[in-house]
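One structure is given here, and the rest of the page talks about it.
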Amino acid sequence: MKKFRKVLDGLSSSSQGAVASPSCSNAAGTPPTPQDIHVQETLLSENFHICKTVRHGFPYQPTCLAFDPVQKILAIGSRTGGIRILGRPGVDCYSQHESGAAVLQLQFLINEGALVTACADDTLHLWNLRQRRPAILHSLKFNRERITFCHIPFQSKWLYVGTERVKSSDYTQMINWFESGTVVQWDLRAKKVDFRIYYDEAIHSVSWHHEGNQFMCSHSDGSLTMWNLRNTARPIQITYPHGKILKEGRKESCKPILKVEYKTSRNSNEPYVIFSGGLSYDKAGGRRPTLTIMHGKAITVLEMDHPIVEFLVLCDTPYSNKIQDPYAVVLLLEKDFIMVDLTQSNFPIFENPYSMDIHESPVTCTAYFAECPSDIIPVLYSVGAKQKKTGYSHKEWPVSGGTWTLVSGFLTLQMLYKLKTSKVFENPNAGEGRAVEQVEEDPYAIQMVRWCPQSRLFCVVGISAHVILYRFSKHDANAEIVSLEVRLQFDSEDVISLSETDPCFSDPSSHSPQMPGSPSNVTSVIHLNKSRPVRMPPGYQAELVMQLQWVDREPPQQITSLDINSAYGLLAFGSCNGLVVVDYIQKTILMCVSTLDLYGAADPYQRLTRSPRKNRQSTSGLTELSDNQVSMDMEKSKSPTSDHVNGHCTSPTSQPCSLGKSRIPGAPEGPRLPRRGPGRPPFRKAQSAACMEISLPVSSLTEESRENSFSFSRSSSVSSIGRDTKEVVTTLHFGESYGRKGDSVPTACLWVGTSLGVVLLLPISIPTEKERLEEPVTMGPSGTVLMLKGPVLSFSFLDCGGTLIQSPYEVWREPNVPEDPDEPCRRKLVNLSPLSSQEACGDGHLAVVCSEKQAKVILMPTQAVLFTHNVTESSFLLRADVVSVCNSVCLACFCANGHVMTLRFTVCLSLL
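Residue numbers for the sequence shown follow the working numbering, beginning at 2 and rising by one.
Shown next as structure tokens:
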């Protein structure tokens, strides 16, 4: 985030006039006028301030590790100059070097509350940890030497810094080793060299025996050598832990052993030899990184999921000249943090209590929910506590030091519950590997989530164009998961025209996902478990799966929008091809139409349809704007170049679709112009299999419609702006509203926003609660079409007093309990309609619609635009939501250039 700008926004500044008047005086049942709207403004710039509360996630590019065996705290350094200090669960602190240089090594001043860091810029820093926020006390810059290793003996005032690696056993002896194979021992008291050792193989690490009479070296050929100080001419022992003697008598070649730890134990005469690497090249070709634990004749190899950055052996004593008694091994991996219990023969791992990693795969989407029901967190915690895996060590987490006042001060996130969507599907067969590769490496990756905390419904959109609906239960269940297969790919010859069907879409069977002309060879990447009922543990249990089908071996387009409403019992999702509405109570598909059909008779565009098959082999199928002036206006109003968005940021709502219809919005009527004039360059290539051209008269193409035309393109070049892109359904919202101008009572509606800046309203007729299971839900286009600049991002409803109106919802009830036949369980619905949120302002509400470029406030049901504000001209919005702040509301916007803006109703626009 580059900047934080607090914007006290006058949405009215760019509208026809400011709206401010005394309180409403209309009688109930009368639609309000703009003069009846009076929003009490309480927000000031002082109400907004950025402060860091949570830093969540595994350290990025970790480089080193350190542990204080007395205070029981641990530190991790990173390549970006960050330091993560960890103690007992809940103690987690982050500090950053101002230089940003990589941290090469960390050394605790044991039991002194201090830490030394050696950075890649050849600087040493001494950190004070005896305060709420760790801070640097001293720094020392080396100008002629490059720091490669440093060491601080326990209770010593000396810091030993070397240009090559250094290791000491006590206060009188110190070993220097070099990768060339040379070992030098120094007598620190006499300040002279005791001996030098020259070995043929490169040395990667050295570890002392606690008595100081011998040491062990690890080498690049996968060998370990033991040296005795009485005779340094040759090693007393050479071992190849993972190398075998071949038939011809030579040793098997092995990978280097990068680090070795040689620790003695009081309970056993056999020492622990722990090292990383050293596997045979023949065996290690397809293996993961490994850690080997040798104890006597037993050799245990632990395979890791990620490369090993560093590991430490935790011992009972901080003194290096006493018996070590190791009890755990800490492994810092590139993307994980593991601790192994050495006190048990099977070497189990400890359960990590830190919120370092959400789960074992990369994070693909996040969602934030505020003001949830008070009982939801305890319920999720109690169910999530039962998800603990078996095989963990039963001992307590060894890192138990630190307090909130010592090394903390930040809040931490706690894992409540984990849900794996892949359990719903069968494992892909070997013959389907090619299909899986066409989608993604992980066909179950999550792209979008929606959660209703009140009803505890949870909906997930996957990368394989599937939607899963989960329902929460405190009890386990054994039930089948209902599956609905949906075909949402339309050619111009396959689309069902609204004029040929019932405009109310009252018959769900007429909108089956199997559209006319559906080919027989439909395949899918993932398959649902249909053979038998599935046992599901307490928590979120899958109830319904909707899968977009492959057509002609072509994968379906990605799902771009999703919304669910528990009070209506409806779920809707859209893509570049169209919109699907599902009744999850009756398990039926209510609507499966292309975006074109959503307009009905109110389509503002003129379309010239051509057969996709005739032009499929043509390379000259090009469409263009019919006037050079329009092209110039398009160029002026295009979206920012890559420099505005750090070179790679793209709009989440602007996904190009290779199989789609492309349309240019404009005036509803006008003479059709020739498709291509002499000397006029092509505007864009027609890549779609079913291409639709739209011709618009120049005189009727307003400035706003020109802005809409290609504001969803994220490139400054004409060729990339002109890519053929379908009208994507970018956002969906269920709520109580007025579907038509003449409506006097709010009803259930679905608001649809598209990538062309178009807002469509679909009224919904829902049967009464007694007839809800038998009677079908009806819905259809209302003819209402609103326009904005840029792809639509969000919808929100306010009453005439400026209070946020929440969508209706169903109160959660336990689904897995036997029902009483005499008293059937009824759904408890909470409907916060505009009528229930106001008394004196009359019927009606405000709809706040925000796109990537613009925000509008619309008065319903008159559909009068009260306020219009162009949020950004040089960039575009990534996210926008109306949120409650300090007993008021504001429109919070996150811009692609890193700015965060908050907008409110005021007379003028003020930037702070």
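Just so it is clear, CB atoms sit at the ideal spot from N, CA and C, and this is done for glycine as well.
Values in this document were obtained by computation on a predicted structure and should not be read as measured data.
C-alpha gap between residue 425 and residue 446, whole angstroms: 13 Å
Name the DSSP bridge partner or partners of residue 452? 459
If I measure Cβ to Cβ from residue 884 and keep anything under 6 Å in the same chain, skipping five residues before and after, which residues do I get? 893
Distance check for residue 896 and residue 879, CA to CA, integer angstroms please. 6 Å
By how many angstroms is the C-alpha of residue 802 removed from the C-alpha of residue 457? 30 Å
Tell me where the beta strand (DSSP E) around residue 234 begins and ends. Here residue 234 belongs to no beta strand (DSSP E), and DSSP marks it neither H nor E.
Going by DSSP, what residues sit across from residue 112 in a beta bridge? Its beta-bridge partners do not exist; DSSP assigns none.
For residue 97, count neighbouring C-beta atoms within 10 Å of its own C-beta (all shown protein chains included) and say buried if the count is 16 or more, exposed if not. exposed
Do residue 337 and residue 394 have their CB atoms nearer than 7 Å? no
Could you check whether the stretch 142-153 touches the stretch 77-97, counting it as contact only if at least three pairs of C-beta atoms, one from each stretch, sit closer than 8 Å? no
Roughly how many angstroms lie between the CA atoms of residue 396 and residue 290, to the nearest whole one? 26 Å
With a 10 Å radius around its C-beta and 16 neighbouring C-beta atoms as the bar for buried, classify residue 345 as buried or exposed. exposed
What are the boundary residues of the beta strand (DSSP E) that residue 747 is part of? Neither: residue 747 is in no beta strand (DSSP E) and is coded neither H nor E.
Cα separation between residue 752 and residue 379? 34 Å
Is it right to say residue 565 is buried, meaning 16 or more other beta carbons lie within 10 angstroms of its own, or is it exposed? buried
What's the C-alpha gap between residue 602 and residue 790? 23 Å
Output the boundary residues of the alpha helix (DSSP H) element that contains residue 392. Counting along the chain, residue 392 falls outside any alpha helix (DSSP H), and DSSP gives it neither H nor E.
For the alpha helix (DSSP H) that residue 736 lies in, which residues bound it at each end? Per DSSP, residue 736 belongs to no alpha helix (DSSP H); it is in the beta strand (DSSP E), 730-738.
Please list, in chain order, all residues of the same chain as residue 320 whose beta carbon is under 7 Å from its beta carbon, the five residues on each side excluded. 155
If I'm right that residue 575 touches residue 733 with Cβ under 8 Å, what's the distance once you round it to whole angstroms? 6 Å
Close beta carbons around residue 490, own chain, < 6 Å, minus the five adjacent residues each side: 552, 578
Pull up the distance between the alpha-carbon of residue 197 and that of residue 212, whole angstroms please. 20 Å
Please state if the CB of residue 184 and the CB of residue 219 are separated by a distance shorter than 7 Å. no
For residue 268, which residues of its own chain have a beta-carbon under 8 Å away from its beta-carbon, when the five flanking residues on both sides are left out? 326
Alpha-carbon spacing of residue 899 relative to residue 177, whole angstroms: 49 Å
Is the beta carbon of residue 450 less than 7 Å from the beta carbon of residue 368? yes
DSSP bridge partner residues for residue 880 (one or two, in chain order): 895
Classify residue 132: buried if its beta carbon has 16 or more other beta carbons within 10 angstroms, exposed otherwise. exposed
Stretch-stretch touch, CB-based, cutoff 8 Å, three pairs: the stretch 759-768 with the stretch 807-815: no
Three-state class that DSSP yields for residue 43 in the structure shown: coil
So residue 474 is in the beta strand (DSSP E); what residue range does that whole segment cover? 467-474
Taking 6 Å as the cut-off, is the CB of residue 199 close to at least one heavy atom of the ligand MN? No copy of the ligand MN occurs in the structure displayed, which carries no ligand at all.
Whole-angstrom distance between residue 309 and residue 280, CA atom to CA atom: 14 Å
Same chain, Cβ closer than 7 Å to residue 244, neighbours up to 5 away in sequence not counted: 223, 252, 253, 255, 281
Residue from 50, 57, 315 with nearest C-alpha to residue 72: 315
With distance defined between alpha-carbon atoms, name the residue in 294, 559, 452 nearest to residue 370. 452
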